[in-house]
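Below is one structure, written out as structure tokens; comments come after it.
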Amino acid sequence: MINLSSLDYIIIVSFFAIVLFIGIYVSKKSGKNSSEFFLSGRSMPWWLLGFSMVATTFAADTPLLVTDIVRADGVSGNWVWWAFLITGLLTVFVYAKLWRKSAVNTDLEFYELRYSGKSAQFLRGFRAIYLGVIFNILVMSVVTLAAIKIGGIMLGIQPWEVVVYAGTTTVIFSAFGGFRGVVYTDFLLFIIALFGAFAAAYYAVNLPQVGGLENLLQNDLVISKMNMLPDFNNTETLITLLIIPIALQWWSSWYPGAEPGGGGYIAQRMLAAKDENHAIGATFFFNFVHYALRPWPWILVALASLIIFPDIASLQSAFPDIPADKLGHDLAYPAMLNFLPSGILGIVLASLIAAYMSTISTHLNWGASYIVNDFYKRFVTKKASEKELVNVGRITTILMMVISGIFALSLTNIKQVFDIIIMFGAGTGLLFILRWFWWRINAWSEIAAMFSSGIISILLNFTSLGYILFANQTGIFPNWFQLPFVVLITTIIWLMITYITQPDSKEVLYSFYQKTQPGGPGWKKVIADAKSENIELQNKAEGWSVPAGILAILLGCVLIYSCLFATGFWVYGETTNALLLSATTVVSGVLLIKVWKKIKSKVL
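In case it helps, my numbering puts the sequence shown at residues 138 to 741.
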């Protein structure tokens, strides 16, 4: 436990007061109706939504997760989430405008816009519970686990105290302020969190035990962890850390904030945008900041922690009061913050609280939107008043916070839960990408993908089947083949079901195409059928922007990855590589602007 000064307490208390004030201030407008409570009347500008997306993914667990990855697998281990940049840019340049055109209130409402029949109704209602409650609570519990570890090391308080204090404050402003309160506070939370991350990195590197950046990078414990690409001579490491994330994971797995084709709270923000161009701008801003700007402060703290706390035993020795079931490499991040000076310590601790609150508040509002719009209003009380819907949203918000807090008390490691979430969504991503552009996909396709992915993952992770197939020494397949195996079987199953089951009704397919204008060869049959009935589906003035979008994705990847690695080489003092990648960043940025203009002109 560290000793906070009066200045630190003033900073933290002031922060809580400002956040609560914002939530209460906007509560009257947010409580007008469900559209205001969950989408702020679809009037949000790109920059505010972009900051909100970044703040949401700037969770309290994120720096702890990155620290765990770097200490275990080195900097190159971050490809497990860096690869999701491709998913993010696919959303930016292909799907953002489609989501905004759909004009649905949640991405689950999409199901009854795109599919027909009882299967579409079941899918919408089931996923409202599956994602809005079960998966959402799992994600929130991981974030709360991070807060528990931070609170235990930095404040010396018990896990239940963290859940009660932080959870109560967050749920109050989330329940009162709605989506507008979440977005407004996210802007403040992001600024505080980013400043805190950079301040933590600066002081961690310059600790006497570390001796500055030059000494850090020359330390034997650090040198082995610095490479931004895995060892190409180690086949298993190369496949696990780089090839699978880049070749498979980004398009095949569903993960909150990086859903193939967009979805979840990212879709919620795109749907709240003023128009399609604001939706595109918000998602690009988010991806640039998330992947190019934020990783290195966390990485530097993780590398510095290797010198002061080289292993888990050293962490246990330094913090003997931490429960044994909460020990792990992820504890090294809050442990490093113990060395910060007064004032800065208060800001950094406030930034971690900010990161926690921004993520939890988003998940509470997003999950409640599913329960209210896609379950309660759709299946329980169809004629519910707007006041009733808002009240149900607020009650749901409180209940989810309580359940996720209780579940967090039983968890141990953040990385383990991250891996489980990745596995449970494996094989569904391709379907989410194709459902906009291939008319033959139906609700049964998604039902088959969802259940097969979940069942296979359970069998592999919680039964002896996983050991038989993927045990390191005795398994039939190498351990790294587990994710490809789930993706392969799940994809085969949902493709078979797609062709076995009946296609959606023409009325639904015609209506969906006219509203969203997805374009592409996957809709040729539907367009031809409509023409034979003298129905014109295509807006000829708009054209198909996907080819230009794919080019923009490639340029965006070059831009952001070049910026990410250029920053790394500047930090490492490798000037030649840093200059080359900085130049590549500029050139790809100029080219991207030109392509972007073509895409933008087609959505106006």
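We put the beta carbon where it would ideally sit given N, CA and C, even for glycine.
Whole angstroms is fine: what's the gap from ALA667's alpha carbon to TRP576's? Within the sequence shown, the letter at position 530 stands for residue 667. Within the sequence shown, the letter at position 439 stands for residue 576. Approximately 13 Å, taken between the alpha carbons.
Counting only runs that start and end within the segment 330–356, where is the alpha helix (DSSP H) found for 4 or more residues in a row? 349–355
On the DSSP bridge list, what partners appear for ALA410? Numbered from its first residue, the sequence shown carries residue 410 at position 273. DSSP output for ALA410 lists MET181 as bridge partner(s).
Quick one: what does DSSP say ASP511 is sitting in, helix, strand or coil? Start at 1 with the first residue of the sequence shown, and residue 511 comes out as number 374. In the structure shown, ASP511 sits in a helix (DSSP, three-state: H, G or I).
Tell me the residue span of the alpha helix (DSSP H) that contains GLU246. If you number the sequence shown from 1, residue 246 lands on position 109. Here GLU246 belongs to no alpha helix (DSSP H), and DSSP marks it neither H nor E.
Under the assumption that ASN475 contacts MET291 (Cβ atoms under 8 Å), give the Cβ distance between them as a whole number of angstroms. One-based indexing of the sequence shown puts residue 475 at position 338. One-based indexing of the sequence shown puts residue 291 at position 154. Correct: roughly 7 Å between the Cβ atoms.
Going straight from the alpha carbon of GLY656 to that of ASP357, what length do you get? For the purposes of this step, residue 656 is identified with residue 519 of the sequence shown, where counting begins at 1. For the purposes of this step, residue 357 is identified with residue 220 of the sequence shown, where counting begins at 1. Roughly 55 Å separates the two Cα atoms.
Output needed for ILE584: all residues of its chain with C-beta closer than 7 Å, excluding positions within five of it in sequence on either side, in chain order. Reading the sequence shown from its first residue, position 447 is the one you call residue 584. Once the five neighbours on either side are set aside, the close Cβ partners of ILE584 are SER256 and LEU260.
Are the segment 187–205 and the segment 345–356 touching, with three or more C-beta to C-beta distances below 8 Å? Put simply, the segment 187–205 does not touch the segment 345–356. Fewer than three CB pairs are less than 8 Å apart.
What does the alpha-carbon distance come out to for the pair ALA103 and GLY564? Lying outside 138 to 741, the shown extent of the chain, residue 103 is not represented and no answer is given.
Examine chain D for any beta-carbon lying closer than 7 Å to the beta-carbon of TYR402, and answer yes or no. In the structure shown, chain D cannot be found, because there is only a single protein chain.
In angstroms, rounded to a whole number, what distance separates the CA positions of ILE540 and VAL509? Taking the sequence shown and counting its residues from 1, one reaches residue 540 at position 403. Taking the sequence shown and counting its residues from 1, one reaches residue 509 at position 372. Roughly 18 Å between the two C-alpha positions.
Take TYR650 as the anchor and find which of LEU250, ASP145 and VAL207 has the nearest alpha-carbon. As a first step, residue 650 must be located in the sequence shown, where it is residue number 513. Out of LEU250, ASP145 and VAL207, LEU250 has the C-alpha closest to the C-alpha of TYR650.
Simplified DSSP state of LEU716, which is helix, strand or coil: In the sequence shown, the residue the question calls residue 716 occupies position 579. Residue state, collapsed to three classes: helix.
Would you please state the rounded distance, in angstroms, between the beta carbons of ALA395 and MET407? I believe it to be under 8 Å. On the sequence shown, residue 395 is found 258 positions in, with the first residue counted as 1. On the sequence shown, residue 407 is found 270 positions in, with the first residue counted as 1. Between MET407 and ALA395 the Cβ distance is about 14 Å, and since that is not below 8 Å, they are no contact.
How many whole angstroms separate the CB atoms of ASP511 and ASN579, which I take to be in contact at a CB cut-off of 8 Å? Position 374 of the sequence shown, counting from 1, holds the residue named residue 511. Position 442 of the sequence shown, counting from 1, holds the residue named residue 579. Their Cβ separation, rounded to whole angstroms, is 18 Å, which puts ASP511 and ASN579 out of contact at 8 Å.
Element boundaries [alpha helix (DSSP H), containing GLU644]: Within the sequence shown, residue 644 is the residue found at index 507, counting from 1. Residues 643–653.
DSSP three-state assignment for TRP733, whether helix, strand or coil: As a working note, residue 733 is residue 596 in the sequence shown. TRP733 falls in the helix class under three-state DSSP.
Starting from the N-terminal side, write out each stretch of the alpha helix (DSSP H) that is 4 residues or longer and does not extend beyond the segment 562–601. 566–571 and 580–599
Return the residue from the list TYR428, LEU186, MET365 and VAL300 that minimises the CA-CA distance to LEU696. Taking the first residue of the sequence shown as 1, we reach residue 696 at position 559. Out of TYR428, LEU186, MET365 and VAL300, TYR428 has the C-alpha closest to the C-alpha of LEU696.
Label GLN405 either buried or exposed according to how many other C-beta atoms from any shown protein chain fall within 10 Å of its C-beta, with 16 as the threshold for buried. By 1-based counting over the sequence shown, the position of residue 405 is 268. It counts as buried.
Selection from ILE360, LEU440, PHE247 and PHE622 that minimises the alpha carbon distance to SER589: Taking the sequence shown and counting its residues from 1, one reaches residue 589 at position 452. Considering only alpha carbons, the answer is PHE622.
Rounded straight-line distance, which links the Cα of ILE403 to that of ALA336: Here the question's residue 336 lines up with position 199 in the sequence shown. Here the question's residue 403 lines up with position 266 in the sequence shown. Whole-angstrom Cα-Cα distance: 28 Å.
Contact under 7 Å by Cβ, ASN242 with HIS500: In the sequence shown, residue 242 corresponds to position 105, counting from 1. In the sequence shown, residue 500 corresponds to position 363, counting from 1. Not a contact, by the Cβ cut-off of 7 Å.
In three-state DSSP terms, what is ARG431? Taking the first residue of the sequence shown as 1, we reach residue 431 at position 294. The answer is coil: DSSP assigns ARG431 none of H, G, I, E or B.
Expressed to the nearest angstrom, what Euclidean distance is found between the alpha-carbon atoms of ALA284 and ALA472? Taking the first residue of the sequence shown as position 1, residue 284 is located at position 147. Taking the first residue of the sequence shown as position 1, residue 472 is located at position 335. So the alpha carbons of these two residues sit roughly 13 Å apart.
C-alpha gap between TYR267 and ASN364, whole angstroms: To locate residue 267, count along the sequence shown from 1; it is residue 130. To locate residue 364, count along the sequence shown from 1; it is residue 227. If you take the alpha carbons of TYR267 and ASN364, they lie about 39 Å apart.
Does the distance from the C-beta atom of ALA545 to that of THR204 stay below 7 Å? Counting from 1 along the sequence shown, the entry for residue 545 is found at position 408. Counting from 1 along the sequence shown, the entry for residue 204 is found at position 67. No; because the gap between Cβ atoms is not below 7 Å, this pair is not in contact.
Own chain, CB closer than 7 Å to PHE702, minus 5 neighbours either side, in chain order: In the sequence shown, residue 702 corresponds to position 565, counting from 1. Counting only Cβ-Cβ distances below 7 Å, and skipping sequence neighbours, we find MET365 and LEU718.
Let me know if PHE236 comes out buried or exposed under the rule of 16 or more other beta-carbons within 10 Å of its beta-carbon. Along the sequence shown, read from residue 1 onward, the residue named residue 236 stands at position 99. It should be pointed out that residue 236 corresponds to Trp in this sequence rather than to Phe. By the neighbour-count rule (16 or more Cβ atoms within 10 Å), TRP236 is buried.
Under the rule that 16 or more other beta-carbon atoms within 10 Å means buried, what is GLU413, buried or exposed? Within the sequence shown, the letter at position 276 stands for residue 413. Its Cβ being crowded by 16 or more others within 10 Å, GLU413 is buried.
Once you ignore the five residues that flank TRP681 on each side, which residues in its own chain have a CB closer than 7 Å to its CB? On the sequence shown, residue 681 is found 544 positions in, with the first residue counted as 1. The answer, listed in chain order, is GLY656 and GLY657.
From LYS661 to THR721, what distance separates their C-alpha atoms? Here residue 661 is taken as the residue at index 524 of the sequence shown, counted from 1. Here residue 721 is taken as the residue at index 584 of the sequence shown, counted from 1. Roughly 39 Å separates the two Cα atoms.
Can you tell me the Cβ-Cβ gap for ALA441 and ALA341, rounded? I've got them flagged as a contact below 8 Å. In the sequence shown, counting from the first residue as 1, residue 441 sits at position 304. In the sequence shown, counting from the first residue as 1, residue 341 sits at position 204. In this structure ALA441 is in contact with ALA341, their Cβ atoms being roughly 4 Å apart against a cut-off of 8 Å.
Name the residue from LYS411, LYS362 and SER479 whose alpha carbon lies nearest to the alpha carbon of ILE444. In the sequence shown, counting from the first residue as 1, residue 444 sits at position 307. Nearest option by C-alpha distance: LYS362.
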